[in-house]
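Chemist:
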């Protein structure tokens with residue numbers, strides 16, 4: 049990203065691979081004078097460390113979170129839904145960003161600021177890594193909260209990912225409205241009924 053931008057937002061999403069639940073994106077503008085120590089790609093951190101960093105980021109950074117529902121994922125596809133969620137998160141920041149960096153190779157279509165896509169950005173950009181932490185914590189909390197309403201699937205433990213236990217529950221219970229019907233394992237269960 050070119051120099052001269054003062055408020056650069058990092059954008060990242062989580063939840064593209066799961067069989068159930070929304071895609072969640074976060075936009076984070078770090079305060080360069082108050083960057084929490086230990087920020088890294090959310091996949092490289094324990095759940096406990098992500099939670100601690102999330103709390104620090106809430107105190108020190110500008111943050112916005114947005115999501116696209118399961119229905120949206122099924123309607124427009126998971127890639128487009130993740131880009132739409134990133135676009136929504138950027139637009140929801142408390143103060144507008146001057147520019148954005150996004151993890152991956154694709155750019156959201158409706159951004160109103162210059163944006164650069166960085167493959168592996170969650171491992172090379174602190175602001176993108178911070179966004180990955182925020183998005184992951186928010187989505188994990190959403191899926192844990194859904195566990196009570198969608199009993200038997202084990203959402204609190206696997207967060208909607210295609211674990212052996214989740215696949216077995218899907219076969220025995222059938223898909224719920226939280227499941228992505230456009231994903232092959234869920235579509236196969238629907239076809240079998």
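Residue numbers (my numbering): 49 to 241. Note that the Cβ used here is the ideal one computed from N, Cα and C, for glycine as well.
For residue 111, which beta-bridge partners are listed by DSSP?
Modeler: Residue 111 sits at position 63 when you count from the first residue of the chain shown. Answer is 76, bridged to residue 111.
Chemist: For residue 81, count the other beta carbons within 10 Å of its own beta carbon; 16 or more makes it buried, fewer makes it exposed. Which is it?
Modeler: Counted from its first residue, the chain shown places residue 81 at position 33. So residue 81 ends up on the exposed side.
Chemist: Once DSSP output is grouped into helix, strand and coil, what is the label at residue 90?
Modeler: Along the chain shown, one-based indexing puts residue 90 at 42. Helix.
Chemist: Is the Cβ-Cβ distance between residue 183 and residue 72 less than 8 Å?
Modeler: Along the chain shown, read from residue 1 onward, the residue named residue 183 stands at position 135. Along the chain shown, read from residue 1 onward, the residue named residue 72 stands at position 24. Yes, Cβ-Cβ distance for residue 183 and residue 72 is below 8 Å.
Chemist: Would you mind listing the alpha helix (DSSP H) stretches within the region 118-184 that are 4+ residues and don't spill past its ends, in chain order?
Modeler: 118-124, 126-139 and 169-172
Chemist: Taking 8 Å as the limit between beta carbons, can you name the residues of its chain near residue 218, skipping five residues before and five after?
Modeler: Residue 218 sits at position 170 when you count from the first residue of the chain shown. Answer for residue 218: 67, 201, 227, 233, 234 and 237, listed in chain order.
Chemist: Considering only the alpha carbon of each residue, which of 154, 175, 179 and 158 lies closest to residue 167?
Modeler: Along the chain shown, read from residue 1 onward, the residue named residue 167 stands at position 119. The option with the nearest alpha carbon to residue 167 is 154.
Chemist: Among the candidates 239, 172, 116 and 157, whose CA atom is the shortest distance from the CA of residue 190?
Modeler: To locate residue 190, count along the chain shown from 1; it is residue 142. Selected option, being the one with the closest Cα: 116.
Chemist: My understanding is that residue 178 touches residue 58, with C-beta atoms under 8 Å, so please give their C-beta distance in whole angstroms.
Modeler: Within the chain shown, residue 178 is the residue found at index 130, counting from 1. Within the chain shown, residue 58 is the residue found at index 10, counting from 1. Contact flag correct, Cβ pair sits at about 6 Å.
Chemist: In its own chain, which residues sit with a C-beta less than 6 Å from the C-beta of residue 112, not counting the 5 before and 5 after it?
Modeler: Mapped onto the chain shown, residue 112 falls at position 64. Non-local beta-carbon contacts of residue 112 in its own chain, meaning distances under 6 Å to residues more than five positions away in sequence, involve 75, 137, 140 and 141 in chain order.
Chemist: Smallest Cα separation from residue 188: which of 231, 52, 91 and 176?
Modeler: As a working note, residue 188 is residue 140 in the chain shown. For residue 188, the nearest C-alpha among the options comes from 91.
Chemist: Which stretch, first to last residue, makes up the beta strand (DSSP E) that contains residue 83?
Modeler: As a working mapping, residue 83 is identified with position 35 in the chain shown. Careful: residue 83 lies outside any beta strand (DSSP E) and carries neither H nor E.
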